[in-house]
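Engineer: Counting from -6, one number per residue, gives the positions in the sequence shown under my numbering.
Cβ coordinates follow ideal geometry from the N, Cα and C atoms, glycine included.
As the structure is a prediction and not an experimental result, all values here were calculated from the model.
Before I ask anything, let me first share the structure, which is written out below as C-alpha cells.
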Amino acid sequence: MGAEAEAATADPKAILADLASTRSEREDLYVWFHQHPELGLAEHETSTRIAETLSGYGVEPKKVGETGVVAIISSGDGPVVAARADIDALPVEENSGKDYASTATVENSDGSRTPVAHACGHDVHITSLLGSVQALATHTDDWSGTFVAVFQPAEETAAGAQALVDAGISDVIPTPEVYLGQHVLSTLPTGHVGTQVGPVFSTSQRIGVTVYGHGTHGAMPNLGVDPVVLAASIVLRLQTIVSREIDPADQASITVGAINAGTRANIIPDSARLLIDTRAYSEEVQKQIAEAIERIVRAECEASRSPREPEFEYYEHYPITSNAEAETDRVRAAFDAYFGEKSGDLGRLPASEDFSIVSDALGVPYSYWGIGAFSDPDAAVGNHDPAFAPDMQPTLDTGTEALVTAACAWLRP
Ligand code: ZN
Ligand code: ZN
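Below, the structure is given as C-alpha cells:
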C-alpha cells in the first residue's frame, strides 16, 4: 500500500544463477566448520578460516574485537545492506550419527575436557553468509550498492553482539538501511523460509537468587531457619506469576533451572541459591515478571523468619527480537517472488537472540527469518539437542539464496 513506487531492485536469480557450481566447495566449508566448533569469544580458528575464505573471494576481511569479522563489498552507488551470521558453538557432545560429526573438545581449567559441537547450526549460518558474499562478489555486474557481512561471536552467551558494539563496529562498517539475520530451525521443512512481523524471539533474563536461613542440627530445626524449605516455597509460588499475574493474552515462562543448598542430610544449611530463567515477548512483561519474583522472594523470606535480605543477581539478558514491519514486508515480498510457496509464516519462537543489539546500537531497523533444516520436521530434533545436525542440502543453498534474495530487496540493479 506504499504511496510512492519502490525503486527498481537487483534480480537475485541473476546473482544466484550459478549457485550449483559452488555447491561442493560450500559443503566442504560447512563440514570444516562443523568439525571445528568453538565456544563463544574463543572462535579463533573459526574467524581465521572465515577471513581466509573471504580473502579467497577477493574481499578484504576486517577484524572487530577478538573473534568478530566483517566484510564490505561495494559495487557502485546504492543502498547499504548488512547481514549477520553468528559463529559460536555449544558445550554439547554430538550424537547425530553423521560421518562428519564433531569430536572436538575444549580443555577446562581443571584439566578435564568438555565436548563442543555446532548443535545450534551456526555453522550453516557462517557457510550461508560466506556463500552470499561469494555470489555477490562474482556478480557485481548484476547489482549496485554495498553489502556488509557481519560474522558475530558468542550468540549463545549473549555476549557477542555487545562485544562487536564495544569494539566499535559502527566505526568499521557504513551504516546500513537494514540489518538482516537468519536461523536454521527444525520447525520448518528444508528449502522453506519463514518470516514474521513484530516479536519473533522472546526476551530472556536470568536471575540468581540467594536466600538466607540459620544453620543448625537437622534434629533441632526449631533452633534455626531452614533455607531449603524457604527455597521450596519460592519455587512453587513463582509458578503462580505466569498463571495468575500475567495477562493470558501475553506469553511468558519462568523456570527454576538450578537449586543448590546444603551438604548433609542432618545439617540445616544457612543459605540456598536458585537460578531462574524468565522469558517474555515484551520488555514490559519481562519487567513485571522480575518485580513479581522479587516481591514473592522477599515475602517468602519474611514468612520463613529469614535473618537477612535476599540477594538478586541479574545476568545474561537478551533483548526482545521484534522485526520491523516495513522491512520485513519487503523481505517477505522478495521471498514470495523467489521461493514461491516455500515462503511462509514463521510465528513466534520460544528462544532468545542477541542479534538486535548491533542494529539497535547502529539505530537501524532489522528483519530476522527462519530457514528449514530437516526434510521431515516431525521427525527432527530441536536446536541444542546432541543429535541436531541439519540436512546439508538444500539447507546450505537455501541459506545463501535467502540472504542474497533479501539483500536484493534493497540493492539496485
Ligand atoms: Zn542456540
Ligand atoms: Zn542459535
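Using the three-state DSSP reduction, which class does GLU149 fall into: helix, strand or coil?
Structural biologist: On the sequence shown, residue 149 is found 156 positions in, with the first residue counted as 1. DSSP places GLU149 in coil when its eight states are reduced to three.
Engineer: For PRO382, I'd like the list of residues in its chain whose CB is within less than 6 Å of its CB, leaving aside the five on either flank, ordered along the chain.
Structural biologist: Position 389 of the sequence shown, counted from the start, is the residue given in the question as residue 382. Sequence inspection shows Ala at residue 382; the Pro mentioned does not correspond to that position. The residues are SER89 and LYS91.
Engineer: For the segment 357 to 371 and the segment 181 to 189, state whether three or more C-beta atom pairs, one from each stretch, are separated by less than 8 Å.
Structural biologist: The segment 357 to 371, when compared against the segment 181 to 189, does touch it at the 8 Å Cβ threshold.
Engineer: Alpha carbon to alpha carbon, how far is ASP4 from ARG288?
Structural biologist: For the purposes of this step, residue 4 is taken as residue 11 along the sequence shown, with counting starting at 1. For the purposes of this step, residue 288 is taken as residue 295 along the sequence shown, with counting starting at 1. Spanning the two alpha carbons is a distance of roughly 56 Å.
Engineer: Can you tell which of CYS113, VAL24, THR196 and VAL74 has the C-alpha that lies nearest to the C-alpha of HIS310?
Structural biologist: Translated into positions along the sequence shown, residue 310 becomes position 317. Here the closest residue by C-alpha is THR196.
Engineer: What residues in its chain sit with their C-beta under 6 Å from that of THR393, if we drop five residues either side in the sequence?
Structural biologist: For the purposes of this step, residue 393 is identified with residue 400 of the sequence shown, where counting begins at 1. Here the set comprises SER121, GLY124 and SER125.
Engineer: So, helix, strand or coil for ASP263, using DSSP?
Structural biologist: For the purposes of this step, residue 263 is taken as the residue at position 270 of the sequence shown. Correct three-state label for ASP263: coil.
Engineer: Within its chain, find whatever has a CB closer than 6 Å to the CB of THR133; leave out the 5 residues flanking it on each side and keep chain order.
Structural biologist: Counting from one through the sequence shown, the residue named residue 133 turns up at place 140. Excluding positions up to five away in sequence, the list reads SER68.
Engineer: Among the residues of its own chain, which have a CB less than 6 Å from the CB of SER315, if the five just before and after it don't count?
Structural biologist: By 1-based counting over the sequence shown, the position of residue 315 is 322. Result list for SER315: GLY191 and PRO192, in chain order.
Engineer: Using CA coordinates, which residue listed in ALA330, TYR274, GLU334 and PRO303 is at the minimum distance from GLY340?
Structural biologist: What you label residue 340 is simply residue 347 of the sequence shown in a count that begins at 1. It is TYR274 whose Cα lies nearest to the Cα of GLY340.
Engineer: For LYS280 and THR271, I'd like the C-alpha separation in whole angstroms.
Structural biologist: The count along the sequence shown starts at 1 and reaches residue 280 at position 287. The count along the sequence shown starts at 1 and reaches residue 271 at position 278. Each residue's Cα considered, the two are about 10 Å apart.
Engineer: Using the beta-carbon of each residue, find all residues closer than 6 Å to any heavy atom of ligand 1 and list them in chain order.
Structural biologist: Selection output, chain order preserved: CYS113, GLU149, ASN376 and HIS377.
Engineer: Is HIS115 a contact residue of ligand 2, with contact defined as CB to any heavy atom under 7 Å?
Structural biologist: In the sequence shown, counting from the first residue as 1, residue 115 sits at position 122. It does: the Cβ of HIS115 is within 7 Å (strictly closer) of some heavy atom of ligand 2.
Engineer: Could you check how far apart the C-beta atoms of VAL158 and ILE350 are, in whole angstroms? I think they sit under 8 Å.
Structural biologist: The residue labelled residue 158 in the question sits at position 165 within the sequence shown. The residue labelled residue 350 in the question sits at position 357 within the sequence shown. The pair is a contact, with the Cβ atoms about 6 Å apart (cut-off 8 Å).
Engineer: Taking 8 Å as the CB-CB cut-off, is ASP81 touching chain D?
Structural biologist: In the displayed structure, chain D is absent; only one protein chain is listed.
Engineer: Using the Cβ count rule (16 or more neighbours within 10 Å means buried), how would you classify PRO300?
Structural biologist: Locating residue 300 in the sequence shown gives position 307, where the first residue counts as 1. The residue in question, PRO300, is exposed, as its Cβ has fewer than 16 Cβ neighbours within 10 Å.
Engineer: Which whole-angstrom value describes the C-beta separation of ALA160 and GLY61, a residue pair presumed to lie in contact below a C-beta threshold of 8 Å?
Structural biologist: Counting from 1 along the sequence shown, the entry for residue 160 is found at position 167. Counting from 1 along the sequence shown, the entry for residue 61 is found at position 68. That belief holds up - the Cβ atoms of ALA160 and GLY61 are roughly 7 Å apart, short of 8 Å.
Engineer: Who does TYR205 pair with in a DSSP beta bridge?
Structural biologist: On the sequence shown, position 212 is the one that residue 205 refers to. Paired residue(s): SER264.
Engineer: Write down every uninterrupted run of the alpha helix (DSSP H) in the segment 112 to 191 whose length is 4 residues or greater and which is fully enclosed by it, in chain order.
Structural biologist: For the segment 112 to 191, whole alpha helix (DSSP H) runs of length 4 or above, ordered along the chain, are 115 to 131, 153 to 159 and 162 to 165.
Engineer: Sorry if obvious, but does the Cβ on ASP70 come closer than 7 Å to a heavy atom of ligand 2?
Structural biologist: The count along the sequence shown starts at 1 and reaches residue 70 at position 77. Incorrect: ASP70 has no Cβ contact closer than 7 Å to ligand 2.
Engineer: Give the secondary structure of GLU(-3) by DSSP, where H, G and I count as helix, E and B as strand, and everything else as coil.
Structural biologist: Within the sequence shown, numbered from 1, the residue matching residue -3 stands at position 4. For GLU(-3), the predicted structure reports a pLDDT of 48, less than 50, and the residue's modelled location is therefore unreliable. The matter cannot be settled from this model.
Engineer: What's the call for HIS27, buried or exposed, on a 16-neighbour Cβ count within 10 Å?
Structural biologist: Translated into the one-based positions of the sequence shown, residue 27 becomes position 34. HIS27 comes out buried.
Engineer: Starting from the C-beta of MET(-6), find all residues in its chain whose C-beta is less than 7 Å away, skip the five residues before and the five after it, and write them out in chain order.
Structural biologist: Sequence index remark: in the sequence shown, residue -6 carries index 1 (1-based). Reliability of the predicted coordinates at MET(-6) is poor, the pLDDT of 45 falling under 50, and no value is obtained from them.
Engineer: Cβ-heavy atom distance between ASP371 and ligand 2 below 7 Å?
Structural biologist: Reading the sequence shown from its first residue, position 378 is the one you call residue 371. Checking the Cβ of ASP371 against ligand 2 gives no.
Engineer: So what does SER315 bridge to, in DSSP terms?
Structural biologist: On the sequence shown, position 322 is the one that residue 315 refers to. Its beta-bridge partners are PRO192.
Engineer: Output needed for LEU389: all residues of its chain with C-beta closer than 8 Å, excluding positions within five of it in sequence on either side, in chain order.
Structural biologist: By one-based count along the sequence shown, residue 389 stands at place 396. Here the set comprises ARG16, ARG19, GLU20, TYR23, VAL117, THR120, SER121 and GLY124.
Engineer: Can you list the alpha helix (DSSP H) stretches of 4 or more residues lying completely in the segment 69 to 114, in chain order?
Structural biologist: For the segment 69 to 114, not a single whole alpha helix (DSSP H) run of length 4 or above is found.
Engineer: Leaving out five residues before and five after ILE66 in sequence, what residues of the same chain have Cβ atoms less than 6 Å from its Cβ?
Structural biologist: If you number the sequence shown from 1, residue 66 lands on position 73. Cβ within range, chain order: VAL52, LEU129, ALA130 and PHE140.
Engineer: Roughly how many angstroms separate the alpha carbons of ARG298 and VAL218, rounded to a whole number?
Structural biologist: The count along the sequence shown starts at 1 and reaches residue 298 at position 305. The count along the sequence shown starts at 1 and reaches residue 218 at position 225. Cα to Cα, the separation comes out at about 7 Å.
Engineer: Out of ALA75, THR107, ALA76 and PRO72, state which residue places its alpha-carbon closest to the alpha-carbon of GLU31.
Structural biologist: In the sequence shown, residue 31 corresponds to position 38, counting from 1. Of ALA75, THR107, ALA76 and PRO72, the residue nearest in Cα terms is THR107.
Engineer: Could you give the first and the last residue of the continuous alpha helix (DSSP H) run that contains PRO406?
Structural biologist: Your numbering for residue 406 matches position 413 in the sequence shown. Note, PRO406: premise wrong, no alpha helix (DSSP H); not H, not E.
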